[in-house]
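Visitor: Per this note's numbering, the very first residue in the sequence shown carries number 1; after that it's consecutive. Beta carbons are placed, not taken as given, at the ideal position from N, Cα and C, and that holds for glycine. This one's a predicted model, so the numbers in the text were calculated from it and none came from an experiment.
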Amino acid sequence: MKYSTLNFYEESGFMGDEQYFYLNNPSFYHDNFGKSIILTGCQPWTLYEHTLYRGDHICIYPSSTQNCEPGFFPEPKDFGYLGNKISSVRMGCFSEKVFKGIGVPANSTRIFTPKQL
């Protein structure tokens with residue numbers, strides 16, 4: 001079994017301060033955070049603009065839910081319009097706006113552009 005986790009980074013390209021979640025979280029330690037994300041495990045997560053799971057929200061998925069391969073979101077554009085605006089997260093998908101993470105093939109440094117589902 002692979003655990004579902006979310007790692008949010010202050011800057012694009014997985015740089016800067018990090019906030020890490022493995023459970024639902026109604027508020028971030030630093031509000032309006034996240035310009036890049038790494039999602040591990042098999043589960044999708046819902047990202048919310050405001051605390052307590054309110055406001056605009058989107059779902060993000062790992063690159064493969066069958067093989068539980070991580071999803072990489074290196075730029076805010078890779079997960080829609082919520083870059084640097086995320087304030088709470090919940091495991092599961094509770095939005096019709098869905099984004100799938102980039103999969104990185106073994107021994108590869110190539111970056112692929114994710115597509116909105």
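1. Under the three-state reduction of DSSP, which class applies to K100: helix, strand or coil?
2. How is L23 classed by DSSP in three states: helix, strand or coil?
3. Rounded to the nearest angstrom, how far is the Cβ of Y48 from that of R54, given a contact under 8 Å?
4. Just to confirm, are E75 and S12 a CB contact at a threshold of 9 Å?
5. Around the C-beta of Y29, are 16 or more other C-beta atoms found within 10 angstroms, so that it is buried, or is it exposed?
6. Of all the options M91, G101, F99 and V104, which has the alpha carbon lying nearest to the alpha carbon of P26?
7. If you measure between the beta carbons of N84 and L39, is that distance less than 9 Å?
8. Going by C-alpha distance, which of C93, E69 and F99 is nearest K121?
9. Helix, strand or coil: how does DSSP classify Y81 here?
Guide: From the atom records:
1. Walking along the sequence shown from the start, residue 100 turns up at place 100. Residue state, collapsed to three classes: strand.
2. Position 23 of the sequence shown, counted from the first residue, corresponds to residue 23. If DSSP states are grouped into helix, strand and coil, L23 belongs with coil.
3. Here the question's residue 48 lines up with position 48 in the sequence shown. Here the question's residue 54 lines up with position 54 in the sequence shown. Right, their Cβ atoms sit about 6 Å apart.
4. For the purposes of this step, residue 75 is taken as residue 75 along the sequence shown, with counting starting at 1. For the purposes of this step, residue 12 is taken as residue 12 along the sequence shown, with counting starting at 1. Contact: yes.
5. If you number the sequence shown from 1, residue 29 lands on position 29. Classification of Y29: exposed, given that the 10 Å Cβ count is below 16.
6. As a working mapping, residue 26 is identified with position 26 in the sequence shown. Checking every option, the nearest Cα to that of P26 belongs to M91.
7. In the sequence shown, residue 84 corresponds to position 84, counting from 1. In the sequence shown, residue 39 corresponds to position 39, counting from 1. Not a contact, by the Cβ cut-off of 9 Å.
8. Absent from the model: residue 121. The displayed extent of the chain is 1 to 117, so no value can be given.
9. Working through the sequence shown from its first residue, we reach residue 81 at position 81. Y81: coil per DSSP, three-state reduction.
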